[in-house]
Amino acid sequence: MQPTEEQRAAIYIHDKNLIVVAGAGSGKTRILVERYLQLLDTNPSWRIHALVAITFTKAAAWEMRDRLRSELQRRAQPPGGERWARRLTDLDSARIDTIHGLCADLLRANAAQAGIDPLFEVLDETDAAILLSDAVADVLAEVEAPLTKLFAQVDAFQIKNSLRDLALVQADTPPLPADAEEIFAQWQREWSESALVTRDQLMRSAEVTALADLPMPPVADKLAELARQYADYLRQIAAAQGAQLAQRLLQECHREGKVGNIGSVKNWGGQAAKTHAARILRDLRERIEADLKFIGEPPGELDRASAEALRLWDGLFRQVRQRYTALKRERAWLDFGDLESLAAQLLQNDHVRERYRGAEFKHLLVDEFQDTNRAQWQIIQSLADINHGGSLFAVGDPKQSIYQFRGADVSVFERVRKQIAGQAQGMELPLATSFRTHRRLLEQFNALFSRLLTRDEGSPTRDYEVRFDQPMRTFRMAAPQDAALELLLLDKGVRDGQGEPVRGRNRRQQNYPADDMRRWEAFQIAQRIHELVTQERPVHDRQRGGWRPIRYGDIAILFRSLNKAPLYEDVFKARGLPFLTVAGRGYFDRQEVWDMLDLLRTLHNPADDLSLAAALRSPMFAFSDDLLLGLRLVTAGSAQPLPLWQALHMADETCLGITPDDLPRLQQARAALGELQRMAGRVSISELLRYALAATHYLAILTGLPDGDRRRGNIEKLLQLADDSSRSSLGEFSQYLSDLTTREAREGEALLKAHDSLRLMTVHASKGLEFPMVILADAAWHRMALSPLLLADAQRGLSCKVYAPNNNRYESGFAHKRNINMQRLKEAAEAKRLLYVAATRAQDVLLISGAVSQTKNNLWNARGWLGQLLKALELEDIPRETTQDVCLAGHPLRVVMPEGPPDAMLWQQTAQPDANLWHVPVDANAYPPQMPPLLQTLPEPPALPSHITVSQLEDLGEARFSAEAKSRRAARLRFREAALHDLPRAQPLNLSRRIPRRQIGLIVHELLRHSAFQGRAEPSAEAIDAIAWQHGATNPATLAGIQKQVRRLLKNYARSDVCGWIKSARAANRRVYTELPFIFRRRNRVIHGAMDVLLQDADGLWRVIDYKTGDAGGDFQRHARQYRLQLGVYAAAVQEQLSLRAPPLTYVHYLRDNHTVQLANADCQAELERLEATLDEGLGEHD
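According to my numbering, the sequence shown is numbered sequentially starting from 7.
What follows is the structure in structure tokens.
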């Protein structure tokens, strides 16, 4: 498809800095790729790393890299594709990464100037939180006066939790005045200024203007009289000289200006005019209420106490910050905040900045620019000179800025937008054509969001509000005749048979419970989905270029929060709808995950009675309540019950409450837990979990339970977490999982393979996706108004609550209330943008559902998005009818209001699930029948399958054959560390300006891994530099020497027998594989890794070649003995996979010496036969 005119401008304008506002579905990613390629085409002298592409996520970086690779492969085809083939070869060195990835590269390449270790590691959020927790513990253990005063005012637990908040620790806030009285005086000045500024903004607001423009009826009328009263108050407020007088008048106006059901329809000339006038007054009163809330009360005695406490908090945070920084420095660790701040500081160095800006970096392309922040913009400005045209291309959409919780600052986009568009060398370009949504739905989106996305110039958060200033145009004109936008409104008020509200003793209307409302909503959604699928509602198929009937897999159900998603899941299961919950926060709340975590906590601390009781009560051991009670009654003569672990091991049939039938179960539990406790600390966490599953048959039990496949998937995901985690002990792993849980990490349930299934996900998880039909469920959801103990605002600084003894609670003074209000206003502005993102995922149909209630004035209202929609669409007074169509942008908007909830049995009955979704074949041998599973005698535990990598085999070989005792022991230690995770990691070596020969060999080895170079072409300088950086060669003074040495080794390699074999095989079109992954099972061991080279020679024989970078000391045959086990595994894997009669020939090629050694198959086979003995030796403590 040819680009549109606006897309062509974004691709081909290279002499200006461009800020591109890309609406939803406008083809932004395609534009980035095409512009990247066009810049390479226009500037053939540029190296590929002269283009820097910055993406928001790693996944986006890989997607862009994959798209570029595909397009380069297409362009590299002969004839005339040679230059693109060279670009394709260099693509691995292209700088396409996140802003944090780019910062890490800059810091490694300029480590000396940055003053850091070039081999630093980057902490993820969880690791950073755990390290910060250690820093807090260190500080609190040594805290001294006067900071100890804070512990007399604030609970120690809350102090600890506040200090462990990384956002507070790293907050970039203005410094506090040195004295508490000075802080208080500053707050008094700020309150007066804020009150008067807010008053002035009110007088210029749209609400006041609407009142001034309101035509009054010529006769006396109560509603008109109220309007005149408002006008009189506003005149007094505008003339008030002091802040306190203005505040008092605003309070009086709000108190006396309540809008009831007053006024005459006749006096106003009709119902519409009267309703319009009443709405203007209500809007004005709401505005005044919000302004009063923002102004708050003037600082008083509570604020004096806050100022004193804030000085103490500031001192504690300063110490924690220093300790946290010291811990990171000791370990050569950096967190994401460090990457940004250190990179920004580094680029203030003129020499470093000049190296990159306009020189090494010719052009920057920044994706998702709406989600940057001030620090990131500072880095981008340092790398791209916006005063020089053609340096920067930034694309994004402020309407889709939804990552404030990750530090995104939408005001940066608007500020940079004005800055670039206001320069002669800059330009703003819109991408306003949607290739996603059809005309009717898109026009309704334009109408809706032009009302919702507005900026109040009088608001204190106006810089964080986004205007809908560019209506989208559609590429898809055709659309079905049915309504594309639907509202499902569920009345939460209980009504009688005549539809009248049912009222309680206090005459207030009774409401259905919130969870029942959500179940009802899920039932109605399920009914609607069933109707659409049964009726074969047409949706557009982009791949086929036409229409087809809707399927379950075309529908996404989006939530702002998945906390209540299980209620919807239960109803969908009952109604037989296939679905997948794609992402959320519910993983660690799943019962089967809790069972395994309780078991780990028990093994870590057998004195944890609660965890042990939960594990015993779980299906793993299936203790009854009576049996648990019997254990609690075991006293062994003591006046108090014994610890549960001790009682478990002492209980027998003589104990009260223990029956003879309980004895087998007790014995099984004691045996399994005893063996697990003996294994703890000697095997990896992953192996410990796997043994527990085997000993208790837990996976088989889960398979037999309802929803068993999903439960098993969740346990397998826990095993993956254990495999991926570097935590070495039960305590560390438990702390790791606890941190993920308490921080509400976005872990989703394990996914089953989607087969035409509904997708349930958060709006954030749907970003960048599109679906034929989108349902915004629970649209009346709203975030609970929280009042945290501390808050940090970039402009207004740190604030805190203080304890008020008279009220026996923590209370907020002026500064803290101001920060809370600012945060809530920013969140409210972002919530509107989140609604825009959610709605614009829809291609053909959008359904929005939620609970509403009716006021005494018979007006419908709701919380959250739904309340905003009712107001924006003027549906607050819509009649209560089952189905009705209203007009929006000239097209029907269907409003459905069911009469009442159905019988609860309809959403509780069990339906047969879709076999394609829920049925996963189970190997009967792996999972024996369990009926009843826990009453059978436990079999002897099978031998644990152990996963071994080829790197570990190499360590085992060195531990067995190295000539030096020191090398043997070091190899054994490396093996134990990798296999059991019970030793500390080796400390990285500091680099000098001279690169060791071994690292040169590693760089050559890495280059040979790429199929793009196997003696066919020399790698580019960029490719060598990129790999050198990965191996710590970051000093610019050494790179030229590295280039020379690497190229010398590669030239030698090109003359080697190995390279000749590869060239010969390729020339004859025989099979050649490089970096070939494999998995090989040896008895109960699983060995996996990748072979360097596997090829077939002219005689049909197979050869396996492994590259080595070590120093053989001249005795190659002796040195090569340590690789017999590794090459024996390679040979056995190839023989098994290819069904060969004899194993392939095996070779070791020493890169530094360009020498090849053939290993005897018999020697390799002998080492493979003694694998178990070698493993035992490797796990031993001594030579």
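Don't be surprised by glycine CBs; every beta carbon is placed ideally from N, CA and C.
Nearest-angstrom Cα separation, counted from residue j out to residue i
i: Ala100; j: Gln1164; result: 38 Å
i: Leu1045; j: Ser957; result: 28 Å
i: Gln13; j: Leu437; result: 7 Å
i: Pro939; j: Cys661; result: With a pLDDT of only 35 at Pro939, under 50, the local geometry of the prediction cannot be trusted, and no value is derived from it.
i: Pro572; j: Arg765; result: 13 Å
i: Leu322; j: Leu298; result: 33 Å
i: Leu792; j: Ala414; result: 21 Å
i: Val472; j: Gly464; result: 14 Å
i: Thr61; j: Met70; result: 9 Å
i: Val160; j: Thr889; result: 55 Å
i: Thr768; j: Gln874; result: 20 Å
i: Arg1072; j: Ala1104; result: 11 Å
i: Leu146; j: Lys334; result: 18 Å
Test item: CB-CB of residue i and residue j under 7 Å
i: Phe367; j: Val58; result: yes
i: Leu1100; j: Leu1082; result: yes
i: His778; j: Asp488; result: Rather than His, the amino acid found at residue 778 in this sequence is Pro. Cβ atoms of Pro778 and Asp488: not closer than 7 Å.
i: Ile25; j: Arg423; result: yes
i: Met1097; j: Tyr1136; result: yes
i: Leu648; j: Val640; result: yes
i: Leu113; j: Leu371; result: no
i: Leu622; j: Phe629; result: yes
i: Arg442; j: Glu776; result: yes
i: Gly963; j: Leu1131; result: yes
i: Phe190; j: Ala313; result: yes
i: Ala400; j: Phe375; result: yes
i: Val265; j: Leu290; result: no
Backbone secondary structure at residue i - three-state DSSP
i: Gln860; result: strand
i: Arg329; result: helix
i: Ala115; result: helix
i: Asn49; result: coil
i: Glu187; result: helix
i: Asp140; result: helix
i: Arg991; result: Since pLDDT at Arg991 reaches only 37, below the 50 mark, its modelled position is unreliable, and no value is offered.
i: Glu40; result: helix
i: Thr480; result: strand
i: Thr665; result: coil
i: Leu220; result: coil
i: Ala244; result: helix
i: Pro948; result: Any reading at Pro948 must be qualified, since the residue scores a pLDDT of 35, below 50, and its modelled position is unreliable; no value is offered.
Residue range of the alpha helix (DSSP H) that includes residue i
i: Ile19; result: Per DSSP, Ile19 belongs to no alpha helix (DSSP H) and is neither H nor E.
i: Glu1081; result: Where Glu1081 is concerned, there is no enclosing alpha helix (DSSP H), although the beta strand (DSSP E) it sits in stretches over 1078 to 1088.
i: Val599; result: 597 to 610
i: Phe529; result: 520 to 540
i: Pro670; result: 669 to 685
i: Phe967; result: 956 to 967
i: Ala785; result: Element bounds for Ala785: n/a, residue is neither H nor E.
Any non-hydrogen atom of the ligand FMN within 6 Å of residue i CB
i: Ala284; result: Of the ligands one can find in the structure shown there are none, so the ligand FMN has no counterpart to examine.
Endpoints, beta strand (DSSP E) assigned at residue i
i: Met433; result: 432 to 437
i: Asp497; result: 491 to 497
i: Trp274; result: Segment 271 to 274 is the alpha helix (DSSP H) holding Trp274; no beta strand (DSSP E) there.
i: Ala798; result: 796 to 799
i: Ile561; result: 561 to 565
i: Glu693; result: From DSSP, Glu693 is part of no beta strand (DSSP E) but of the alpha helix (DSSP H) over 691 to 702.
i: Lys807; result: 803 to 810
| request: May I have a chain-ordered list of the beta strand (DSSP E) segments no shorter than 3 residues that lie completely inside the region 316 to 385? | output: 369 to 372
| message | Please give the ranges of any alpha helix (DSSP H) in the region 1087 to 1163, keeping only runs that are unbroken, at least 4 residues long and fully inside the region. | response | 1122 to 1125, 1130 to 1144
| task | Could I get the ranges of all uninterrupted alpha helix (DSSP H) runs contained in the region 61 to 125, with 4 residues as the minimum, in chain order? | result | 64 to 81, 88 to 96, 105 to 115, 117 to 120
| At which residue ranges does the region 404 to 455 contain complete alpha helix (DSSP H) runs of 4 or more residues, listed in the order of the chain? | 416 to 427
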